[in-house]
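Novice:
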Amino acid sequence: MSSQQALNALGHAVSGSVGTAISTASLYPLDLVTTRLKAQRKTGDSTGDYDGVISAFKGIPANEGGIKALYSGLGTDVAKSVVDSFLFFGFYNYLRPRHRKPKIVEELLVGAVAGGCARALTTPISNVVTRKQMLGSHQSLLQILSEIRKESGLLGLWSGYSATLMLTLNPSITFFVNRRLAARILPALEEEDFPVAWIAFLIAASSKATATAITYPFQTGKTRLQMAGSAADAGVEKGQSGHSKRKHILRRMLDLLNQSIFGVITRIITNEGMKALYAGLQGELLKSFFSHGLTMLTKGVIHRFVVRIWVMMLLPYLRQRKLRMK
């Protein structure tokens, strides 16, 4: 990888992180509300805590100490989002072919791998954010991580990662739709001197909303897994042991399946109905529309600025280094 390519990948990572931080902070209350809606359980004799996005926006401040309750965990989430975005954009631009136009499957695969690598490192922090959003906890990051580890062991820090692997399709679908729409629409508008920045915003926002609608059931399952924290909460009884080795192995296999994303989704459908998988979807679509659009808009502006600064500062140094090596 050449120094210019490395510089470009780093520029995308930094600008993407800054854009993500701005959009995360701007839309955090909506994120907290949709997390609450995804996590609350609805059964035949219970309608859950809140009926929808507006109900949650009214109820959370009223019941939990004012407007600040909508910002519980904001600092941790912004930090997680910055790291997550930096890693994703870095991996994506490093892995994506540069000398030819990638095929559709190739582009989706690169996005999925980049997302999986990034989330492998940030899932523990994501679990902390979910707890803060659900419980309004004032504990520190390290205190909550320690609490999760005591409850569920070291692997408990990665609760919901199986869902995260499925959700890596979200950025893949987003980038695929975004690139295809941009390639068809933007060149024609540039010729007519149209304000391209706002069209780019709408394209990016629409792409994210499309991907979110497709993968939303996995988001609901992920939130449930993160809040479960243990097989006991997921509906598995640990106190009973099998009468034989075969029964014990079978029970362990069922336990593992029960704790997987597919087990959680099946349980939600069985106990609460298909509709429960889409609780809070309206709020998530609204958040995704503005979040990704704002991220990509600010990313484009910041990337141009960052690359120009780096080119001005680093290229003379790199040229001198090449001359010395010769």
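Its first residue numbered 1, the sequence shown is counted upward by one per residue in full-length UniProt numbering.
Where is the CB? At the ideal position from N, CA and C, for every residue including glycine.
Predicted, not measured: the structure shown is a model, and the values here were computed from it.
Counting only runs of 4+ residues fully inside the stretch 78-162, write out the alpha helix (DSSP H) ranges in chain order.
Specialist: DSSP runs (the alpha helix (DSSP H)) wholly in the stretch 78-162: 104-135, 141-152.
Novice: I want to know whether the stretch 131-141 touches the stretch 156-166 - three or more CB-CB distances under 8 Å.
Specialist: Output reads no: the stretch 156-166 does not touch the stretch 131-141.
Novice: Suppose you measure from the CA of V33 to the CA of L108; what does that come to, to the nearest Å?
Specialist: For the purposes of this step, residue 33 is identified with residue 33 of the sequence shown, where counting begins at 1. For the purposes of this step, residue 108 is identified with residue 108 of the sequence shown, where counting begins at 1. Computed Cα separation, rounded: 30 Å.
Novice: Classify F175 as buried or exposed, calling it buried when 16 or more other Cβ atoms lie within 10 Å of its own Cβ.
Specialist: The residue you call residue 175 lines up with position 175 of the sequence shown. F175 comes out buried.
Novice: Under the three-state reduction of DSSP, which class applies to T212: helix, strand or coil?
Specialist: In the sequence shown, residue 212 corresponds to position 212, counting from 1. Helix at T212.
Novice: Alpha carbon to alpha carbon, how far is A200 from A213?
Specialist: For the purposes of this step, residue 200 is identified with residue 200 of the sequence shown, where counting begins at 1. For the purposes of this step, residue 213 is identified with residue 213 of the sequence shown, where counting begins at 1. When rounded, the distance between both Cα atoms is 20 Å.
Novice: If I follow the unbroken alpha helix (DSSP H) through Y28, where does it start and stop?
Specialist: Within the sequence shown, the letter at position 28 stands for residue 28. Element bounds for Y28: 28-39.
Novice: Look at the Cβ atom of L286, then the Cβ atom of F218, and state whether they are nearer than 9 Å.
Specialist: The residue you call residue 286 lines up with position 286 of the sequence shown. The residue you call residue 218 lines up with position 218 of the sequence shown. It is not a contact, given that the beta carbons lie outside the stated cut-off.
Novice: Just to confirm, is the Cβ distance from L277 to Y216 under 9 Å?
Specialist: Here residue 277 refers to the residue found at position 277 of the sequence shown. Here residue 216 refers to the residue found at position 216 of the sequence shown. It is a contact, given that the beta carbons lie within the stated cut-off.
Novice: Less than 8 Å between the CB atoms is what I'm expecting for L294 and I22, so what's the real figure, rounded?
Specialist: Counted from its first residue, the sequence shown places residue 294 at position 294. Counted from its first residue, the sequence shown places residue 22 at position 22. Indeed, because the Cβ distance is near 6 Å, the residues count as touching under 8 Å.
Novice: R96 and V110: beta carbons closer than 9 Å?
Specialist: As a position in the sequence shown, residue 96 is number 96, starting the count at 1. As a position in the sequence shown, residue 110 is number 110, starting the count at 1. Contact flag set, yes.
Novice: Please tell me whether F91 and C117 are closer than 9 Å, where the distance is taken between their beta carbons.
Specialist: Residue 91 sits at position 91 when you count from the first residue of the sequence shown. Residue 117 sits at position 117 when you count from the first residue of the sequence shown. Yes, the pair counts as a contact, with Cβ atoms nearer than the cut-off.
Novice: Would you tell me roughly how many angstroms separate the C-alpha atoms of K68 and T266, rounded to the nearest one?
Specialist: Within the sequence shown, numbered from 1, the residue matching residue 68 stands at position 68. Within the sequence shown, numbered from 1, the residue matching residue 266 stands at position 266. Their backbone Cα atoms lie some 35 Å apart in a straight line.
Novice: Note down, in chain order, each residue of its chain lying with its Cβ closer than 6 Å to the Cβ of V264, except the 5 sequence neighbours on either side.
Specialist: Translated into positions along the sequence shown, residue 264 becomes position 264. G221, R224, L225, listed in sequence order.
Novice: Compare the C-alpha of S140 against each of R180, F262, S172, L74 and name the closest.
Specialist: As a first step, residue 140 is located in the sequence shown; it is residue number 140 there, counting from the start. S140 has its Cα closest to that of L74, out of R180, F262, S172, L74.
Novice: Taking the C-alpha atoms as reference points, what is the distance between L254 and T20?
Specialist: For the purposes of this step, residue 254 is taken as residue 254 along the sequence shown, with counting starting at 1. For the purposes of this step, residue 20 is taken as residue 20 along the sequence shown, with counting starting at 1. Spanning the two alpha carbons is a distance of roughly 39 Å.
Novice: Can you tell me the Cα-Cα spacing of A204 and S126, whole angstroms?
Specialist: Residue numbering aside, residue 204 sits at position 204 when the sequence shown is read from its first letter. Residue numbering aside, residue 126 sits at position 126 when the sequence shown is read from its first letter. About 24 Å.
Novice: Taking the straight line between their C-alpha atoms, what separation do you get for Y28 and I144?
Specialist: For the purposes of this step, residue 28 is taken as the residue at position 28 of the sequence shown. For the purposes of this step, residue 144 is taken as the residue at position 144 of the sequence shown. Each residue's Cα considered, the two are about 20 Å apart.
Novice: May I ask you to report which of helix, strand or coil DSSP gives L17?
Specialist: Residue mapping note: residue 17 aligns to position 17 of the sequence shown, counting from 1. Checking the sequence, you will find Ser at residue 17 rather than Leu. It is helical.
Novice: So T122 and D84 are in contact, right, with Cβ under 8 Å, and what is the actual spacing, rounded?
Specialist: Here residue 122 refers to the residue found at position 122 of the sequence shown. Here residue 84 refers to the residue found at position 84 of the sequence shown. Going by Cβ atoms, the distance from T122 to D84 rounds to 5 Å, so yes, they are a contact pair.
Novice: Determine the direct distance from the alpha carbon of S206 to that of K299, and round the result to whole angstroms.
Specialist: Counted from its first residue, the sequence shown places residue 299 at position 299. Counted from its first residue, the sequence shown places residue 206 at position 206. One C-alpha to the other measures close to 17 Å.
Novice: Determine, using beta carbons only, whether F88 and S15 come nearer to each other than 9 Å.
Specialist: By one-based count along the sequence shown, residue 88 stands at place 88. By one-based count along the sequence shown, residue 15 stands at place 15. No.
Novice: Cβ atoms of L37 and A279: under 9 Å apart, would you say?
Specialist: By one-based count along the sequence shown, residue 279 stands at place 279. By one-based count along the sequence shown, residue 37 stands at place 37. Against a cut-off of 9 Å, the Cβ pair of L37 and A279 comes out as a contact.
Novice: Any idea if G65 is buried or exposed, counting beta-carbon neighbours within 10 angstroms, 16 or more meaning buried?
Specialist: Translated into positions along the sequence shown, residue 65 becomes position 65. Classification of G65: exposed, given that the 10 Å Cβ count is below 16.
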